[in-house]
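Start counting the sequence shown at 2; every next residue gets the next number (my numbering). In what follows, a structure is listed as structure tokens, so that the remarks can point back to it.
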Amino acid sequence: MKRFTMLSVLCVMSATAVHATDNEALRLEQLANRFVAESLKYDPTMAYEAGLPTRVHDRFADHAPPAIAARDAEETAELKALDAIDRAQLPATSLATYAMLKEKLESDLQLRVCRRELWNVDHFTGWMNEFADVADKQPVGTSGLRTQALRRWGTHGRPCHGINSSLELTGSDD
């Protein structure tokens, strides 16, 4: 469900470019564009589901604690910047972007306590389905794309999310 929500947010924000001179609308557009760019930088595989262009096909999201903390800090700053935008001053064409971005950032903030990266074994949206979806959509039509695919699948720091998730939950390292 989290992945679906993220995809919805990315699609709405990438499809509703604001062309107003209104300062608040421009600030919102810049914030939404930054959110999409940072989300894709953190997890380039989201581009496949959202139908967004990407040239990055050589890695998965980094689920290491420092990377998660950095992404959490980015989202916290983005929510603070969004809260500084005067919603009443936005044109009607910007309200969907505002609402979707606010929902996404607030729900991510509230879901942090769940630490889904440690136990994402849900049979609908778990790591095993993510891997299958990415494998299905991974472009391999050129030698450069095949090299990126091999890098993604060969140097992934977590060869098996399920095993690593269990180890992190138990505190075991063997």
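We put the beta carbon where it would ideally sit given N, CA and C, even for glycine. Remember, predicted model here, so these are calculated numbers, not experimental data.
Any heavy atom of the ligand HEM inside 7 Å of the beta-carbon of residue i?
| i | result |
| --- | --- |
| F132 | As presented, the structure is devoid of all ligands, the ligand HEM included, so that no description of it is given. |
Write down the C-beta distance between residue i and residue j rounded to the nearest angstrom, noting that I regard them as a contact closer than 8 Å.
| i | j | result |
| --- | --- | --- |
| L106 | L83 | 6 Å |
| Y43 | A62 | 6 Å |
In this structure, how does DSSP classify residue i when only helix, strand and coil are distinguished?
| i | result |
| --- | --- |
| T143 | coil |
| G155 | helix |
| T46 | coil |
| D137 | helix |
| P160 | For P160, the pLDDT reaches just 42, beneath the cut-off of 50, and the residue's location in the model is therefore unreliable, leaving the point undetermined. |
Can you say whether residue i is buried or exposed, counting buried as having 16 or more other CB atoms within 10 angstroms of its CB?
| i | result |
| --- | --- |
| D175 | Only weak support is given to the placement of D175: the predicted model assigns it a pLDDT of 49, under 50, and the value that follows is read from those uncertain coordinates. Classification for D175: exposed. |
| S144 | exposed |
| E30 | buried |
| T46 | buried |
| Q149 | buried |
| R153 | buried |
| H124 | exposed |
Jot down the residue ranges of each uninterrupted alpha helix (DSSP H) in the segment 53 to 132, minimum 4 residues, whole runs only, in chain order.
66 to 84, 96 to 112
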